[in-house]
Each structure stands twice: as C-alpha cells, then as structure tokens.
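Just below is one structure, and these are the notes that go with it.
In the numbering used here, the protein residues as written are 480 to 637.
Right, dumping it as structure tokens:
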C-alpha cells in the first residue's frame, strides 16, 4: 500500500517516545514514518538533552542519511574527527565507513533538535566501529547484533 494523500503534520502533533538506555544515550524520538502507509524513507525528529547522544558511533552500509539541525548545537563525531554543528546545518552521510557518525549535544542547558531522513531498505546493516559490532535490521523483525569477529563457515550445520 502506498501513501494515497498528502500528509501534513507538526512535531507538536506527534507523541514522542522517550529512550534512556544508559547515562550517555538519551533522547526523545518523534517518528513521522509511523504515520505513513509505506516507508520508502524514514522521517524522524530527535531531541537530545544537554550532554547526550542518541546512538553509538556507527555507519550504514546501504542506507543514506541526512540530518537538518533545527535548534541547538553539538559535535558530530566522524572518521576525520569532531565537527561542530549548529542550527541550520545540513549533514549528509554516505552509506559507507567514511559516513560513520555520532551526534552529541554540547550545550549545558539547551536541547539539540534535528530532523533525520533516511532511505529505508530492508534488510540493512549497520557497523559500530568502536565496539566491533554489526547490526542487522529487517522490517517486521527485531534487530540482531553480532560481534564482527564471530564468523562461522557458510555450510556449518546445514
């Protein structure tokens, strides 16, 4: 099924999902994609509290991603080092190791709010270089995470 009419919404009309898995990662997620019939892309607003990030340092192997900083300031961790970002900045991530990133709010008292738009293919693979993990995401299933060095022969147990 595909979108049959134009959708107009506002971040204030979307119920946020608050996530706080540990002391470093905490955010509110406003998922516009959940309002769409068919998700060929994901569209999400994020709000990061001061000093927080929302996801570990990672890169996508098949999906492109774009951030638009709506308000606040932060540091974008990249393979080339930290890059300061602020309101009005647009950041485009290629689907490869050169596009690795983690966004952190560097403000002491202001939230960092940004729009995140991604292509949405399934399955897709995400690499986490700092922890040597691989994430595999398949629509309709829970994501699976593996250590990169855990490898089994192709025909093992077949």
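Every residue gets a Cβ at the ideal spot worked out from N, C-alpha and C, and that includes glycine.
When rounded, the separation of the alpha-carbon atoms in residue 618 and residue 538 is 19 angstroms. One Cα belongs to residue 551, the other to residue 606, and the distance between them is close to 27 angstroms. Separation of the CB atoms of residue 590 and residue 526 is rounded to 5 angstroms, and the pair is thereby assigned contact status at 8 angstroms. By the beta-carbon neighbour count (other beta carbons within 10 angstroms, threshold 16), residue 636 is exposed. Contact check between the segment 501-511 and the segment 522-536: three or more CB pairs, one atom from each, fall below 8 angstroms, which counts as touching.
In the structure shown, residue 576 adopts helical secondary structure according to DSSP, grouped into three states. Contact between the segment 592-604 and the segment 539-547 is present, with at least three C-beta pairs closer than 8 angstroms.
In this structure the segment 576-595 touches the segment 547-562; the number of beta carbon pairs closer than 8 angstroms is three or more. Here residue 571 is actually not in contact with residue 604; their C-beta atoms are around 20 angstroms apart, not less than 8 angstroms. The beta carbon of residue 623 sits closer than 6 angstroms to those of 615, all from its chain and outside the five residues before and after it, given in chain order. Burial is judged here by how many other beta carbons sit within 10 angstroms of a residue's own beta carbon; residue 593 has at least 16 and is buried.
By the C-beta density criterion, residue 487 is exposed, having fewer than 16 other C-beta atoms within 10 angstroms.
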